[in-house]
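Okay, structure first, notes after.
Protein chains: 2
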Amino acid sequence: MEQSEQQADPKANFLYRLRHSLAHIMAQAVLELRPDAKLAFGPPVEFGFYYDFDFQGNPLGENDLQEVENRMRRIIKEKQPFESSHQSLEEALRALESASQTYKVEYAQELVELGKAGEEGLSFYTNGPFIDMCEGPHLEHTGEVPKGCFKLDRISGSYWRGDEKRPMLTRIYGLAFESKADLKDYIERRKLAMERDHRKLGDELDLFCMDQEVGVGLPLWMPNGAVIRDELEQWAREEEFKAGYQRVSTPAITRSKLFERSGHLPYYADSMYPPMTVDETDEYYLRPMNCPFHHKPYDARPRSYRDLPFRLAEYGNTYRYEKHGSLAGLLRVRAMCMNDAHVYCTPEQVEQEFQAIIDMYRMYYNHLRMGNFRVRLSLHDPDSDKFIGNKEEWLRSEAIVREVMQRMEIDFDEESGEAAFYGPKVDIQVKNLLGREETVSTCQLDFVMAERFDLGYVDADGARKRPFIIHRAPLSTHERMISFLIEFYGGAFPTWMAPLQVMMVPVNDQVREYAENLAHTLRQDLFRVEVDSSDESFNKRIRNAVTHKIPNIWIIGAKEMENASITWRRYCVKEQLNVGVAQAHEALRKMRQARMMDNFEDVALPVEG
Amino acid sequence: MEQSEQQADPKANFLYRLRHSLAHIMAQAVLELRPDAKLAFGPPVEFGFYYDFDFQGNPLGENDLQEVENRMRRIIKEKQPFESSHQSLEEALRALESASQTYKVEYAQELVELGKAGEEGLSFYTNGPFIDMCEGPHLEHTGEVPKGCFKLDRISGSYWRGDEKRPMLTRIYGLAFESKADLKDYIERRKLAMERDHRKLGDELDLFCMDQEVGVGLPLWMPNGAVIRDELEQWAREEEFKAGYQRVSTPAITRSKLFERSGHLPYYADSMYPPMTVDETDEYYLRPMNCPFHHKPYDARPRSYRDLPFRLAEYGNTYRYEKHGSLAGLLRVRAMCMNDAHVYCTPEQVEQEFQAIIDMYRMYYNHLRMGNFRVRLSLHDPDSDKFIGNKEEWLRSEAIVREVMQRMEIDFDEESGEAAFYGPKVDIQVKNLLGREETVSTCQLDFVMAERFDLGYVDADGARKRPFIIHRAPLSTHERMISFLIEFYGGAFPTWMAPLQVMMVPVNDQVREYAENLAHTLRQDLFRVEVDSSDESFNKRIRNAVTHKIPNIWIIGAKEMENASITWRRYCVKEQLNVGVAQAHEALRKMRQARMMDNFEDVALPVEG
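In order, the protein sequences belong to chains A and B.
Under my numbering, the first residue of the first sequence is numbered 11, with each subsequent residue one higher.
Under my numbering, the first residue of the second sequence is numbered 11, with each subsequent residue one higher.
This is the structure we're talking about:
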């Protein structure tokens, strides 16, 4: 549905005209209640519309929204036609001034000064008694608004022209979709998204914190969050080892020379922390990416075709100076740790390597149940000078990537101008709970940096040649990936990555020691286990474990102690299972080993009987 | 033996006087060969002595050292007494000028100007025909030099007063010890130390590299070195988990406020990278230590006595701007990663926690076979204003640490003035192969920072109290620890941390596929295995594996393939063992699981039969 908003001319589509018309209808209804209100702007926006009013000391409040909605429904019933007209500046100013619409007067003057008024004069739209200076387009008439498709949402303050030195206005937001069903769906998704907001859950589940003395955008991972990082990292480490990667570990700072050579300086300087100047002239930078720190180890020894493909991996710490306003929880931060790797290979190997990498992406996202991703092939824009390297090389490397994905029968869209400056890239686009698309990770084919860093290998024929470089980071940064995982799972992590894997709840004090001993045994096997022996009632302790979304509750009573068993209760699964202790321990081992996604209800525990 | 050099007045001891006397005896012998040589300085130094000469275009070379040594031995035989005398400046200048000793003239004038000449005038020592301006002390006579206790070592260039704008002199180094046996011992140890120098082995075994474009003191860990880091880190992670630690992960940068609060700024600024200034006034620093980044997560939630001890661990990346001249391989670097943790506990818990930590240190060092460490208790100096907090708190916390170590029957020395500015510390002092002592890691008891960061916990009585903080880093930084391990093991790492754990050597091409399949199986179980199927001869391939100090060589021939076995050859162990494949795989698993120190010859493989 949101997809349809991405058409070439967004104004042409129904949803745009609907939302725009509803903004007028709302203003019309508001003026019925507050005839003296002055109108400011009232545009359609993502998910609906708003209008800004100056109520001159007598504002509407949340309690009035129902009445406004009622009046809007009446106006809709009246099927008032939207009619376009034009007025000269003089006419327009006279009309607006006589209506005391001072904000509109200011804007009309500005439009004329900027030469934005058309030859016909300023554009107005009228429906019934309501007239607004506006470019349109609108619905044919108010009756076109589908039944039940909108809802007034909330009231907030906003400054005229966003300028805090100008008057404070009252903004009324409305939600609007093509149908009642779409509206309902959105409201439900928004509720879920708010419940699952990674900042909210991050706090409730004690995953990370921020601190003003440390600085904004610099998350500190609490023990619970650090567990998730470590588990993802361990997974990546094993998969990469089996796939023939070798790990390196490199510093997060460098002299400026390195990034001058890569071309990131000065090109990328705006997104970097400023330099540290030592010995008066030597500048050190925090790295915004790891790439050149892998080119160096590649280049530190002579390489032959026998060493290739040479795959270097590192969960690398990087720092980017993102604008304060664009920081958002873990999604956009200033310190991040990336599941990075660079594959150096011969031209003959590049397809096979690229395919293996795309396969690894697919494996990760399917395993994590984030199957609902879109693949985007980002190409260079021949009309832009952002892209270095010649056209033939661009076309050749773009063809390589395209063919690999076609052969793998992967659905993908192509987008011009979205490539990295040194080569085409594949973007994994994931939708969040509100349906908004984010790039979670990317993979680039680079035919430029080997030249810049003078990287080579001696081929079978004795000649020194340039390798291709594939940049890949399937698990993204910890920060971004975990922000998605928190929201997708609603904080209910599978056992293998859950901060606390098993909460034991002894029914009474008589079985407490037994539970403690069992917990100790599991901890020696590196399972994260706690025993809740607090003074709370049994039911309260169970509820606490559920509230904290702990994947496994092991209930221990007299019967369990007697026959060396536990009663296993999974998060959000009603049935309980009585299992022998040894068998339960073994099942946990299997779940960890297989990184089982037991947070999905359809997954059965590996317990026999 | 070096121990004796650490006495209160080093000049009083025999070794100092011996080395000093030998410097004179060498100069005397050199003057016999080059009567026109001008003398500069000739002090005793660690391991021996040197003298700087200006040979005025006719220098002695390495080939002349034997002749100098012969003449020195003759002088020693002559038992020439060392006699002290004094001369007024005038007398001295006249004598030195007439001997054309221009460097001595300059120094004599300087001594007088600085008021360093005594009331009696300038001090001289004479033996036989040789006289030198010198404060002494010396041996009674040259005959006191023990037989065979010295050896002229090498010749190098050096500038007069270390100033590259002054004349270049020739420095002749000699080694000297109390006995011939000590000299022999030192020379052998030095040979070993040079063979095992971690910079040399780091290069040969491809463990790390440095790069000028990245910057000095910023090691890039190559795949082989990254394996060792990862294995140490995994070990620490498991031990810490079992000991009740929780991990955090925090950024390596912060606003200046954090270090102003801790007191590190401006106190520690000289050892830090300069700040990055953003938005004109906001300064960000790279962290030189992790402590405040753990205080913040502690403080992010309310803590009660039930949460304590609260143990936060992190292998934390830190950056220190060490002086260029003091950088040394991995031993002293500018980017390091520390096995850090902070334990927050009540006063009642502090002894038990401190004891558990010291126990963990002991476990690590014993397991790594670095048992030969000295423990130093570093106390505050009541006469210094470096130490914050009041005297009672210092004495109380020092007493806690002292008592814990006495109860554990740990031998330790106490040293005043070596404490951290916020509390007493325990230093683990390890001797390197040359017998030089280095601090490998420290542990601090801190009663100051909880106050500075306003950290508290609610006690059982409802009152808010300050926790004690114990800072600990038993495995030091990766950089420092691995520099020691490389040298101690001479690059022959135990299987669990070896970059390559098993090298398979197929006897011929017929068994190659069998070897490859076996290697694949082991790799799926995350073992680091390679098959050497190169064109080299069988013996050459075995030698290559030995040269690279690979702990296990599995030889595979027709017989082995037939009965599904391998022939196991350990590094530096002569006996070979024929073992079934399944049994061999299981033995490797046990070695990894137990982190077996199979690089020590006395360790038997866990293979039955």
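Note that beta-carbon positions come from the ideal geometry of N, C-alpha and C, so glycine has one too.
Quantities reported herein were computed from a predicted structural model and do not represent experimental measurements.
Taking the straight line between their C-alpha atoms, what separation do you get for residue i and residue j?
i, j, result
"Asn80 of chain A", "Ile86 of chain A", "10 Å"
"Ala529 of chain A", "Met514 of chain A", "8 Å"
"Val183 of chain B", "Pro147 of chain B", "It should be pointed out that residue 183 of chain B corresponds to Tyr in this sequence rather than to Val. Roughly 20 Å between the two C-alpha positions."
"Glu428 of chain A", "Pro434 of chain A", "8 Å"
"Ile438 of chain A", "Lys600 of chain B", "41 Å"
"Asn588 of chain B", "Asn234 of chain B", "28 Å"
"Glu489 of chain A", "Val237 of chain A", "13 Å"
"Phe397 of chain B", "Tyr315 of chain B", "29 Å"
"Tyr283 of chain A", "Ser388 of chain B", "39 Å"
"Tyr113 of chain A", "Val155 of chain A", "28 Å"
"Gln586 of chain B", "Lys252 of chain B", "37 Å"
"Glu129 of chain B", "Ser336 of chain B", "39 Å"
"Phe65 of chain A", "Gln90 of chain A", "26 Å"
Tell me residue i's beta-bridge partners as DSSP assigns them.
i, result
"Ala186 of chain A", "A:Phe160"
"Val237 of chain B", "The partner list for Val237 of chain B (beta bridge, DSSP) is empty, contrary to what the question assumes."
"Thr287 of chain A", "A:Glu293"
"Asn327 of chain A", "A:Cys347"
"Glu447 of chain B", "B:Lys441"
"Ser259 of chain B", "A:Trp231"
"Val385 of chain B", "B:Phe422 and B:Ile438"
"Pro298 of chain A", "Per DSSP, none; premise fails for Pro298 of chain A."
"His151 of chain A", "A:Pro91"
"Lys475 of chain B", "B:Tyr467"
Measuring CA to CA, which of the options is closest to residue i?
i, options, result
"Pro298 of chain B", "B:Phe320, B:Asp350, B:Thr291 and B:Glu249", "B:Asp350"
"Gly131 of chain A", "A:Glu100, A:Val613 and A:Phe140", "A:Glu100"
"Gly621 of chain B", "B:Glu56, B:Met178 and B:Ile35", "Residue 621 of chain B falls outside the range modelled here, since chain B spans only 11 to 619, and no answer is possible."
"Tyr647 of chain B", "B:Cys355, B:Lys559 and B:Ile420", "Residue 647 of chain B is absent from the model: chain B starts at 11 and stops at 619."
"Thr260 of chain A", "A:Phe303, A:Leu296, A:Ala483 and A:Met286", "A:Phe303"
"Asn23 of chain B", "B:Ala525, B:Asn137, B:Leu405 and B:Leu149", "B:Leu149"
"Arg164 of chain A", "A:Glu448, A:Arg171 and A:Phe59", "A:Phe59"
"Phe498 of chain A", "A:Tyr169, A:Val78 and A:His208", "A:His208"
"Ser281 of chain A", "A:Arg330, A:Pro307, A:Glu250 and A:Pro319", "A:Arg330"
"Leu598 of chain B", "B:Met507, B:Ala568 and B:Glu585", "B:Met507"
"Ser266 of chain B", "B:Glu526, B:Asp292, B:Phe457 and B:Leu121", "B:Asp292"
"Ser575 of chain B", "B:Val583, B:Trp564, B:Gln119 and B:Tyr581", "B:Trp564"
"Glu77 of chain A", "A:Ser94, A:Asp309, A:Glu42 and A:Pro54", "A:Glu42"
"Glu48 of chain A", "A:Glu107, A:Glu523 and A:Pro91", "With the sequence shown as reference, residue 48 of chain A is identified as Lys, and Glu is not the correct amino acid for it. Cα-wise, what sits closest to Lys48 of chain A is A:Glu107."
"Asn327 of chain B", "B:Ala604, B:Gly158, B:Met346 and B:Lys333", "B:Met346"
"Glu249 of chain A", "A:Thr180, A:Tyr524, A:Thr264 and A:Arg321", "A:Arg321"
"Met232 of chain B", "A:Tyr278, A:Met36 and A:Gln256", "A:Gln256"
"Asn518 of chain A", "A:Ala594, A:Glu546, A:Leu443 and A:Ile410", "A:Glu546"
"Tyr135 of chain B", "B:Arg580, B:His151 and B:Glu123", "B:His151"
"Phe364 of chain A", "A:Glu408, A:Glu324 and A:Arg379", "A:Glu408"
Write down the C-beta distance between residue i and residue j rounded to the nearest angstrom, noting that I regard them as a contact closer than 8 Å.
i, j, result
"Arg271 of chain A", "Arg474 of chain A", "That pair is no contact at about 19 Å."
"Leu242 of chain B", "Leu485 of chain B", "6 Å"
"Glu448 of chain B", "Val436 of chain B", "Not quite, the Cβ-Cβ distance comes to about 15 Å (not below 8 Å), so this is no contact."
"Trp170 of chain B", "Ala50 of chain B", "6 Å"
"Asp423 of chain A", "Arg386 of chain A", "5 Å"
* To do: Check whether the stretch 67-74 of chain A touches the stretch 190-200 of chain A, counting contact only when three or more Cβ pairs, one atom from each stretch, lie closer than 8 Å.
  => Counting C-beta pairs closer than 8 Å gives fewer than three between the stretch 67-74 of chain A and the stretch 190-200 of chain A, which falls short of the contact rule.
* the stretch 499-507 of chain B in contact with the stretch 211-221 of chain B per 3-pair CB rule at 8 Å -> With a cut-off of 8 Å, the stretch 211-221 of chain B and the stretch 499-507 of chain B count as touching, because enough Cβ pairs lie within range.
* Asked: Using Cβ-Cβ distances below 7 Å, what residues of the stretch 468-489 of chain B are close to chain C?
  -> Considering every chain present, this structure includes no chain C. Its protein chains are A and B.
* To do: Evaluate the contact criterion for the stretch 510-524 of chain B versus the stretch 552-563 of chain B: three or more CB pairs, one atom per stretch, below 8 Å.
  => A contact between stretches requires three or more CB pairs, one per stretch, nearer than 8 Å, and the stretch 510-524 of chain B meets this requirement with the stretch 552-563 of chain B.
* Determine, using beta-carbon pairs with one atom in the stretch 217-231 of chain A and one in the stretch 270-287 of chain A, whether at least three such pairs fall under 8 Å. => A contact between stretches requires three or more CB pairs, one per stretch, nearer than 8 Å, and the stretch 217-231 of chain A fails this requirement with the stretch 270-287 of chain A.
* Asked: Are at least three pairs of beta-carbons, each pair with one atom in the stretch 450-459 of chain A and one in the stretch 360-371 of chain A, less than 8 Å apart?
  -> Enough Cβ pairs lie closer than 8 Å, so yes.
* **the stretch 518-533 of chain B contacting the stretch 413-423 of chain B, beta-carbon criterion three pairs below 8 Å** => No, the stretch 518-533 of chain B is not in contact with the stretch 413-423 of chain B.
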